[in-house]
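Read through the structure below, which is laid out as structure tokens, and then see the notes.
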Amino acid sequence: MSENAPSTYAVSRETVNSGGVEHVSERDQLAASLPEPSAETPLFRAVAVDARRRRSLTGKIFPRPDHTRILTVANQKGGVGKTTTTVNLAAALAQAGLRVLVVDIDPQGNASTALGIDHHADVPSIYDVLVDGKAVVDVVQECVDVPNLWCVPATIDLAGAEIELVSLVARETRMQRALRAYVDGAADRGEERFDYVLIDCPPSLGLLTVNAFVAADEVFIPIQCEYYALEGLSQLLKNIELIKSHLNPDLHVSTILLTMYDGRTRLSAQVAEEVRSHFPAQVLRTSVPRSVRISEAPSFGQTVMTYDPSSSGALSYLEAAGELADRGAAG
Ligand code: ADP
Ligand code: MG
0 MSENAPSTYA
10 VSRETVNSGG
20 VEHVSERDQL
30 AASLPEPSAE
40 TPLFRAVAVD
50 ARRRRSLTGK
60 IFPRPDHTRI
70 LTVANQKGGV
80 GKTTTTVNLA
90 AALAQAGLRV
100 LVVDIDPQGN
110 ASTALGIDHH
120 ADVPSIYDVL
130 VDGKAVVDVV
140 QECVDVPNLW
150 CVPATIDLAG
160 AEIELVSLVA
170 RETRMQRALR
180 AYVDGAADRG
190 EERFDYVLID
200 CPPSLGLLTV
210 NAFVAADEVF
220 IPIQCEYYAL
230 EGLSQLLKNI
240 ELIKSHLNPD
250 LHVSTILLTM
260 YDGRTRLSAQ
270 VAEEVRSHFP
280 AQVLRTSVPR
290 SVRISEAPSF
300 GQTVMTYDPS
310 SSGALSYLEA
320 AGELADRGAA
330 G
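The numbering of the sequence shown is numbering that gives the first Met the number 0, which starts it at 0 and goes up by one.
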């Protein structure tokens with residue numbers, strides 16, 4: 000290094016103080032010492048990848064399935080991304096031109112919140128459908144932010160439904176009947192048929208979840224990329240087999256999505272690899288990264304698809320929705 004290209008502040012001061020012939024300010028030196036942005040930096044690569052994804056995904060119209068696909072989004076573990084996945088996939092499918100219904104059956108009502116749907120205690124909800132036999136058409140609400148997206152809300156009343164259902168006739172098939180009547184009645188109401196119904200389950204395997212398994216054809220399992228991810232999965236699969244043999248022969252696990260993937264940790268990569276090796280046909284290629292924008296969106300009553308559509312979280316859900324739709328059209 001030459002004398003005129005000092006590398007520390009101390010040398011710089013000397014240069015300036017000794018007559019100022021080579022006036023190099025501290026600020027200039029600091030700027031010069033920063034690495035050039037190049038394709039080698041992780042940030043640059045991430046931005047370039049997102050830009051490519053955005054270009055290939057935005058404005059894409061997804062294929063319609065040949066029948067209404069009813070998917071139950073389930074995992075008895077809490078906090079694995081069931082609700083986040085339900086609302087963002089639903090919004091992504093709707094934005095891509097499909098007609099989508101979200102059924103919230105978690106008493107917490109988080110899916111209703113994220114879709115900006117009114118669900119205070121007096122609002123007619125899935126509780127009235129399951130316990131009082133009300134028709135779905137009388138409780139469904141349209142999502143204001145996303146055209147083509149509808150929601151059956153859950154209110155806090157639903158917390159008691161698990162117990163109230165026990166003594167009712169046909170307690171396991173109440174949701175199936177109500178939902179089929181609504182979906183099959185679209186033409187009579189002068190509406191287009193729904194392409195997708197996504198049911199957001201509570202974190203348990205009680206009667207509410209059983210109702211969802213009986214009403215659906217497909218189970219969609221979000222798996223969080225962390226150490227205990229596979230624990231409890233065998234219990235979930237056993238329950239699905241029981242429902243299949245006794246109540247719903249068509250039920251099968253069609254799709255698995257890896258959520259909260261953290262590319263910086265080896266653990267995320269290991270969990271992802273293990274899940275993919277166990278379920279090669281079911282796991283979507285796209286995994287959803289851990290993203291602040293995804294977790295912020297619900298507090299604005301929005302999905303990340305409207306809150307920050309160009310964020311990498313939104314792009315991942317859009318990509319996952321595209322895979323789901325392509326698979327549905329192929330099979
Ligand atoms: P579940 O419905 O399975 O209980 P949630 O979808 O409510 O799980 O997610 C649990 C928490 O994790 C929520 O606070 C949610 O905002 C947050 N979360 C979900 N997915 C992500 C993600 N990809 N990145 C960051 N936070 C996430
Ligand atoms: Mg939830």
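The beta-carbon is built from N, C-alpha and C at its ideal position, and this holds for glycine as well. As the structure is a computational prediction, the values presented were derived from the model and not from experiment.
The beta carbon of T84 sits closer than 7 Å to those of V72, P221, L256 and T258, all from its chain and outside the five residues before and after it, given in chain order.
In the DSSP assignment, I104 falls outside any alpha helix (DSSP H), carrying neither H nor E.
Between the segment 105–119 and the segment 132–139, the count of C-beta pairs closer than 8 Å stays below three; the two stretches do not touch.
Going by C-alpha positions, V48 is about 31 Å away from R68.
Annotation: the segment 41–83 contains the following complete segments of the beta strand (DSSP E) (minimum length 3 residues), in chain order: 68–72. In this structure, A320 lies near L88, with their beta-carbon atoms less than 9 Å apart.
Listed as beta-bridge partners of T305 by DSSP are no residues whatsoever. V274 sits away from R292, with the two beta carbons spaced by 9 Å or more. Beta-bridge partners of P297 (DSSP): none assigned. The three-state reading of DSSP puts T85 in helix, counting H, G and I together.
Short note on R52: C-beta not closer than 8 Å to any heavy atom of the ligand ADP.
As a beta-bridge residue in DSSP terms, E217 pairs with L70 and H251. Judged by DSSP secondary structure, V151 falls within the beta strand (DSSP E) whose first and last residues are L148 to V151. Judged by pairs of C-beta atoms under 8 Å, the segment 90–102 touches the segment 190–201, as three or more such pairs exist. With contacts defined by Cβ atoms closer than 9 Å, L92 and L323 form a contacting pair.
In this structure, T208 places its C-beta atom within 9 Å of the C-beta atom of Q75. Between the C-alpha atoms of F212 and R284 there is a straight-line separation of about 25 Å. The criterion of a C-beta distance shorter than 9 Å is not satisfied by D183 and D216. In this structure, the alpha-carbon of V270 lies about 7 Å from that of E225.
Apart from sequence neighbours up to five positions away, the residues of its chain that approach S203 with a beta-carbon distance below 7 Å are Q75, ordered along the chain. With a cutoff of 8 Å, D105 counts as near the ligand ADP, since its C-beta is closer than that to a heavy atom of the ligand. At a cut-off of 8 Å, the beta-carbon of I293 counts as near the ligand ADP: some heavy atom of the ligand is closer than that. Straight through space, the alpha carbons of R54 and A30 are spaced by roughly 33 Å. Taking 4 residues as the minimum length, the alpha helix (DSSP H) runs contained wholly in the segment 113–183 are 125–131, 157–163 and 173–183, in order along the chain.
Assignment of Q223 by DSSP, reduced to helix, strand and coil, places it in the strand class. Note that the C-beta distance between S290 and S310 is below 9 Å. Boundaries cannot be given for D187, as no beta strand (DSSP E) includes it and DSSP labels it neither H nor E.
Judged by DSSP secondary structure, L197 falls within the beta strand (DSSP E) whose first and last residues are Y195 to D199.
The C-beta distance from L114 to V151 rounds to 10 Å, too long to fall under 8 Å, and the pair is not in contact.
Between the ligand ADP and the CB of D199, the shortest heavy atom gap is smaller than 8 Å. Its Cα nearest to that of V145, the residue R98 stands out among R98, S294, H277 and L206.
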